[in-house]
Each structure stands twice: as C-alpha cells, then as structure tokens.
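What follows is one structure encoded as structure tokens, with my remarks underneath.
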Amino acid sequence: IGGSGLDMRSKARTLPGPVKDPSELPKWNYDGSSTGQAPGSDSEVILYPQAIFKDPFRRGNNILVMCDAYTPAGEPIPTNKRHAAAKIFSDPSVAAEETWYGIEQEYTLLQKDIKWPVGWPVGGFPGPQGPYYCGVGADKAFGRDIVDSHYKACLYAGINVSGTNGEVMPGQWEFQVGPTVGIAAADQVWVARYILERITELAGVVLSLDPKPIPETLIQGFIPAGRIDTYLPHMKVGGIYRLNSFYGSNNKTLYRVAEPSVTITFSSSSVLSDLEDSSVCFPEDRFRFHGYEEFDAVCDLRGDLYDYVGHIKLVNGQVLNDSLVLDDAEIASSRRVLLHVQTHDGPVMKLYLWDKAASDFSGKFKASGGATSVILVTTLNPKRFGGVLTLSSMTSSWVFLDSDVQATRDYLTWLNSNMAVANRVAAEVVTKTETITIGELFSYMKQEAAKVAWFECIATVGDVVHGSGWYYIGCGECHTKATKGPTTLMCKKCGKSDIVGVARYLAKIYVYDNDDQACFVLLGDAGQELTGKKASELVDSYFEANENMGDDHLVPVPQALINTIGQTRKFIVNVSTHNLTGKTQSLTVTKVLIPEDPEIEGNVENVTVPDAHKTLQNGVAEDGPSTRFEESGGERVKRAADNVEAEDSKRAKCR
C-alpha cells in the first residue's frame, strides 16, 4: 500500500520453488521515496511477507504475497497500519474471542480518459436512482464482465468472497468479503482490491474506491459588488441554501477556485432561501493541494488558486517555539504575517498572509498558546519575488491550523512521526532576515554556497545618482516594465496590448556605514517608503509644472529623493541570482524601515564619505544607467539594477 493509504503497488520476483507459508519467503525492499513513504536521502523500505494467495493471472505455482513495510532498522513505517492491527489480533485474549468480520467494498468504474463513470453521458448525469440497484440489462448494468471476472479471480485466489451486486448508481458495484476471522479479513479485502485493479487495468477502465468519485462537483459562485450587501449578510460558512433565479456564465481563467468552465452568478432577481433541515449532505472539506513543484509551474500565471498544507519553520522571522509572541501592533500596521513553511522534507517557501488571513492566523496562534506547527491555507497566489517562489493569500483564503480539519490532523500525525525528516531544511532561500553590514553583504555574495537571500542592512544615504532615469513605467496591474507599441503601452506578462502605465521607482543611491560603501537600487514601493512620495505623484507634478516638456523628456531626480541624503535607514536588500553570478553588485532594496536604535545615526556621523559625484563621473559606464563604483579594495565592479531597465522612463499614459 503506497503513501496515500489507498494506492496499491506491486513488483514481481522469481523463486526457486513452490512456497506455501509466508515464513518461507525472503524479505525484500523497494524505493520508498517514489511512493511518498521515505525521503530521497534514505529511501530503502523493507517488505515483510504476511499472507499468501494463489495468483489468478499467472496461475500454476505462482502466488500473490501480501506484505507490510518497515524501515531497515525493523520499525514499521508511518503508513503501515497493519502492524498495529496485527498486535491487537494476536493478543491471546483477542484471539480467544475468534472475532468474525464481514466487509462490504463499494467501488466505481470510470472511463479512462475522462474519469467519468461508465454508463454516464459524457459531462452529464444519469437518470434518478432506482433501476440500477441489483439491476439487469444493458441500460442498467454497466461493467458486469469486469465484476464477474473479479468474482471468479478472487475465488481462485482463495479469498472468501461471499457475494457481489450492482449499486444505486450506474457504474457502481459492490463485493463482500467474509465472514472471516481477525486480521485475515483485512488482508483479503486488500488483495481483492488489488485483483480488481489489475482486472480494470486489463479492461482499460479506472477503479475508484472513493465514496464521492465524481471530480469537482464543486462550482465557483460570484456575487457582483453591488449585490454583496443584499445576499452575503444572510449567508454563513457551512450553511445550505437554495438559490433561485441565477444565471450561468463562462468562468474566467483568472484566479479560479474550481475546475468547471462555468460560474453561477447572482442576479438582481435572485432569491436565496436557507435550508435548515435539509437532508442533502455536502463534504465539508474540498482542498486542491499543491506542493513546491506544482506552485512553481504555475507561478505568476494568475490562473487557478490552489491550497497548501505543511509545517511552519518561522513566523515573521522568528523560530517557532512556545515563547514566541506575535506583535499585534506590527500585524495591524503591516496587515501581514510572513511565514516560512515546508511540506515534508521539500524546499522551504515564503507564505504571506494578508489582512483577514493574517488576523485569523494571529488569533488562532494565540489561542494555541504558540504551540501551533501545521498550517493549511486555501486559494493561494504563487508569485516570484527576487527570483524566489512566494505564496500570497487572497481575500478568499481560509487559514486552518493543527487540528482544525482532517487534512491538518493527518499532516500533524505525519509530522509527529517524522520530526527528523521535517527538520531537514531544503531551503531555496535563506529563511531568516539577518542584520549585517555592507562588508558582510559583499563577503556573503562571494561564498560558493550562497543562495538567494534577503538581509537587513543599516546604512546612511550618501548621494543619489543623477543623469539617468530614476523611475520606470510599469504595468498598472502587475508592475512589469511596460513596452512601447505603435500607439499604446503593452505588457508582455499580462498579454495586454493597451495598458495604463504607472511610474514606479528605479532609483540608484549610494549608501555607507562605518566601514564600507555600496550602490543600492530602490525598487517600487521601497522608494516611496524612503521618500514618503509615490513616483507617479512626483512625475505628474513635474510635467504639470513643465507643460512644454515632451513625454520623452528625462525627468530630473526629484527633491524628495535628494532630501533623503544623510538619512540613516534599515534597508531590506535582496541578494539575487545576478549578484551571485557576478553580473552585478548593485543590491536591490525591497523595503525601507526606520532603525529601532536611536544611536545608530550618531554612530556614522564622523565617517568620511567619498565624493559620490566624482566617483560617478570617473566611472560612468557606456550603457547609461549602469555605474562603476570604487570598492574599498580598489576593485572596479560594474553595477546594474536587476531585472528592470530604467532607460525608457517616459511619461506616456502614466497616472
């Protein structure tokens, strides 16, 4: 049985002669990392033979062997549920009771290519139940040849199959095993399942043991903004309602939360009624989980929103422990919580919780006394910041912790049994923001083992680079640098040919601390955090005061940026792939904070500041916005802003 607890695996082995008892069989092994039962660094899992059945496919002396799985040290792996059951049934007091079991197994046969039940119209639904249960006839019984073949094969194998019948839904059947004593009942059910899946494999259909086998009976709904106050106050989570007078529309691919291509939309005449005593039962939890690889594949596509479950490594840069206290004021001010999370032993990822998701997490975290370790967040938007995959919550996101839902309980069980595995950090990004000096930044960049990382660096603004663009025109939606079309601005990322451009910071400043100097690039919101002004406001103000200037005119560095000279700030800087590969040593600033230590500014007052204007004049590169900067060691290093070019800082369609 594989890592999901339902998938069945098998492999074949040649023996020197007939075998009648499991004790005569050798132990064997398999790669547990390929079944979700062991990490790749320690993947060997040992098979212990437990029960023998005649092989109905090869026949003769061939046998099927039911095995359970153990570590090389002889401990049952976490998914081995048989081991604990065998201990109970082998207890003399239990064995003396001779417990008998009869087990029913329902299953559904699905069409292979579309995963839709046999006997169902493609994409549609059958008639109401009634004629299908124990039904006979080509319009009522679908897949009987598979059912009969399975029945005969189980009897040949020595399984005590006591019967079979059609169920209430077309394509759904049932078989019964037993009465059988003790753990043999479970062994026989599992081998009967294996034989059934082998037969459906031969028949070209898919076996589903899921009690709700129809994929995505969930559909997306939409309440227009003007009707939210009319309907939403009357709805509650988990409620069941009847909706009359709605209309269906094609589902946009942007930020979908369900697979169907249509959306149910509330109209002005929609009537919503509460069904308090409804016998209709809906599954409470419907999650669409993605891991690192799946999120990475759909990053920045703004398509379907998937769910995540894993364990927490850091909360706002702090290691998870019982004494961790969240700062309510900081969360209220920033409207976010930053988590570093990991699924099993996969890569560590950043997960940003915003607004309601942040406050929900904070409340649940405090209620747990800081003992929370597992988190599940729904409808996440995967984005790449500084070349690193980051997950971000949406307004539709829900947050669940440790024991909130079955999925978190299942993961918590795994976590408690695999702490050594979970504590292995496969980080794609340095997970803790550290405060370091400029010199330490450059030293880190030279290390062979260095990764993309974010650091805090306290420095003083020495000068602002003049003579080149200090902003760029970005897409109003995704902030990607806009490109010029024949008559409009276009966004390659959004795929739109007519966008509204917005001026955003791309300004170079020289900074220094007690020992070193560097060139920082203020990108996007970081410029506003330093100056207190939006780039778009400064650009608009300039052109309003200089109406005779054309759109191609290079806007000079604004006074708001010049006024930052002499200010000491805490800069969150990104050491990017470009820095690590030596393409540039200009460091991108993603956030600017006021230092907490009031003495910091005084500590750097007596530092000798190099003449940045002279340095710039001596080292201007031919490509304009790139500059050359004199390092303390005398080495000239070419510096350029990462990812976004500043040459075309034009006003066109800027707001």
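Residue numbers 1 to 655, in full-length UniProt numbering, belong to the letters of the sequence shown in order.
Cβ coordinates follow ideal geometry from the N, Cα and C atoms, glycine included.
Spell out the partners DSSP gives residue i in its beta bridges.
| i | result |
| --- | --- |
| glutamine 220 | Thr263 |
| methionine 8 | Looking at the DSSP assignment, methionine 8 forms no beta bridge with any residue, so it has no partner. |
| valine 461 | Val511 |
| lysine 591 | Ile572 |
| alanine 69 | Leu47 |
| isoleucine 339 | In the sequence under discussion, the amino acid at residue 339 is leucine, which differs from the isoleucine named in the question. Paired residue(s): Val315 and Leu351. |
| isoleucine 52 | Val65 |
| residue 659 | With the chain covering only 1 through 655, there is no way to say anything about residue 659. |
| residue 739 | No answer is possible for residue 739: it lies beyond the span of the chain, which begins at 1 and ends at 655. |
| residue 660 | No answer is possible for residue 660: it lies beyond the span of the chain, which begins at 1 and ends at 655. |
| threonine 435 | Glu456 |
| glycine 248 | Ile264 |
| isoleucine 473 | Ala503 |
| proline 76 | Tyr70 |
Roughly how many whole angstroms lie between the Cα atoms of residue i and residue j?
| i | j | result |
| --- | --- | --- |
| aspartate 300 | lysine 484 | 22 Å |
| leucine 314 | threonine 435 | 16 Å |
| lysine 496 | alanine 297 | 22 Å |
| asparagine 29 | phenylalanine 246 | 57 Å |
| alanine 526 | arginine 256 | 31 Å |
| leucine 351 | glutamate 106 | 40 Å |
| tyrosine 231 | isoleucine 219 | 18 Å |
| methionine 8 | aspartate 327 | 48 Å |
| threonine 14 | cysteine 154 | 22 Å |
| glutamine 37 | glutamine 342 | 17 Å |
| aspartate 304 | histidine 479 | 21 Å |
| valine 43 | lysine 252 | Just to set this straight, residue 43 is serine in the shown sequence, not valine. Taking the straight line joining both Cα atoms gives about 42 Å. |
| methionine 490 | isoleucine 499 | 6 Å |
| glutamate 547 | threonine 488 | 21 Å |
| cysteine 457 | alanine 420 | 34 Å |
| tyrosine 101 | proline 22 | 23 Å |
| methionine 189 | glutamine 176 | First, the residue type needs correcting, since residue 189 is valine and not methionine in the sequence shown. Straight-line Cα distance between these residues: approximately 9 Å. |
| glycine 566 | aspartate 552 | 31 Å |
| tyrosine 133 | isoleucine 103 | 19 Å |
| serine 396 | threonine 379 | 7 Å |
| serine 541 | aspartate 274 | 54 Å |
| alanine 358 | phenylalanine 365 | 10 Å |
| arginine 569 | leucine 6 | 55 Å |
| alanine 371 | aspartate 360 | 16 Å |
| valine 607 | alanine 225 | Confidence in valine 607 is poor, its pLDDT being 34 and thus under 50, which makes the residue's placement unreliable; the coordinate value appears in the next sentence. Using only the alpha carbons, I get a separation of about 57 Å. |
Counting only the same chain and skipping the five closest in sequence on each side, list residues whose C-beta sits under 8 Å from that of residue i.
| i | result |
| --- | --- |
| valine 374 | Val309, Gly310, His311, Ile312, Leu401, Asp402, Thr408, Tyr411, Leu412 and Leu415 |
| alanine 560 | Thr531, Gly532, Lys533 and Leu538 |
| glutamine 528 | Tyr505, Lys534 and Ala535 |
| serine 368 | Leu401 and Asp402 |
Can you list, in chain order, the residues of its chain with a C-beta nearer than 6 Å to that of residue i? Leave out the 5 residues immediately preceding and following it.
| i | result |
| --- | --- |
| serine 149 | Ile199 |
| asparagine 244 | Val271 |
| proline 126 | Trp120 and Pro170 |
| phenylalanine 222 | Thr263 and Thr265 |
| proline 233 | none |
| proline 558 | Leu538 |
| serine 362 | Leu326 and Ile331 |
| threonine 108 | Pro117, Gly171, Gln172, Ser208 and Pro213 |
| valine 521 | Lys508, Ser586, Thr588 and Ala641 |
| residue 663 | With the chain covering only 1 through 655, there is no way to say anything about residue 663. |
Going by beta carbon distance, what residues of the same chain come within less than 7 Å of residue i, once the five residues before and after it are set aside?
| i | result |
| --- | --- |
| proline 156 | Here residue 156 turns out to be tyrosine, not proline, going by the sequence shown. Here the set comprises Lys54 and Pro56. |
| lysine 27 | Ile46, Leu47 and Tyr48 |
| glycine 524 | His479, Arg504 and Tyr505 |
| alanine 203 | Ile146 |
| glutamate 336 | Note that residue 336 corresponds to arginine in the displayed sequence, not to glutamate. So the list reads Tyr352, Leu353, Trp354 and Ala358, once near-sequence residues are dropped. |
Looking at the C-beta of residue i, does it have a partner C-beta in chain B at a distance below 8 Å?
| i | result |
| --- | --- |
| isoleucine 458 | No chain B is part of this structure, which consists of one protein chain only. |
Original post:
Which parts of the region 251-311 are runs of the beta strand (DSSP E), unbroken and 3 residues or longer, counting only runs that do not cross its ends?
Top reply: 262-274
Original post:
Do three or more CB pairs link the region 193-207 to the region 85-102 at distances below 8 Å?
Top reply: Contact between the region 193-207 and the region 85-102 is absent, because fewer than three Cβ pairs lie under 8 Å.
Original post:
Is the number of C-beta pairs between the region 39-47 and the region 56-71 that are closer than 8 Å three or more?
Top reply: Taking 8 Å as the limit for Cβ pairs, the verdict is that the region 56-71 does touch the region 39-47.
**OP:** Can you check the region 372-420 for any beta strand (DSSP E) of at least 3 residues that lies completely inside it and give the ranges in chain order?
**Re:** 374-385, 388-393 and 399-401
Original post:
Which ranges does the alpha helix (DSSP H) cover as unbroken runs of at least 4 residues, wholly within the UniProt domain "GS catalytic" (81-221), from first to last along the chain?
Top reply: 82-89, 92-95, 144-157 and 184-203
**OP:** May I ask you to verify whether the region 582-596 touches the region 465-483, counting CB pairs closer than 8 Å and requiring at least 3?
**Re:** no
Original post:
Just checking, does the region 160-179 make contact with the region 76-88 on the three C-beta pairs under 8 Å criterion?
Top reply: no
Original post:
Whole alpha helix (DSSP H) runs in the region 483-532 with 4 or more residues, listed along the chain?
Top reply: 525-531
Original post:
Is it a yes or a no for the region 434-454 touching the region 570-578, going by three-plus beta-carbon pairs under 8 Å?
Top reply: Of all C-beta pairs linking the region 434-454 to the region 570-578, three or more are shorter than 8 Å, placing the two stretches in contact.
**OP:** Tell me the start and end of each unbroken beta strand (DSSP E) in the region 346-372 that is at least 3 residues and wholly inside, in chain order.
**Re:** Runs of the beta strand (DSSP E) inside the region 346-372: 347-354.
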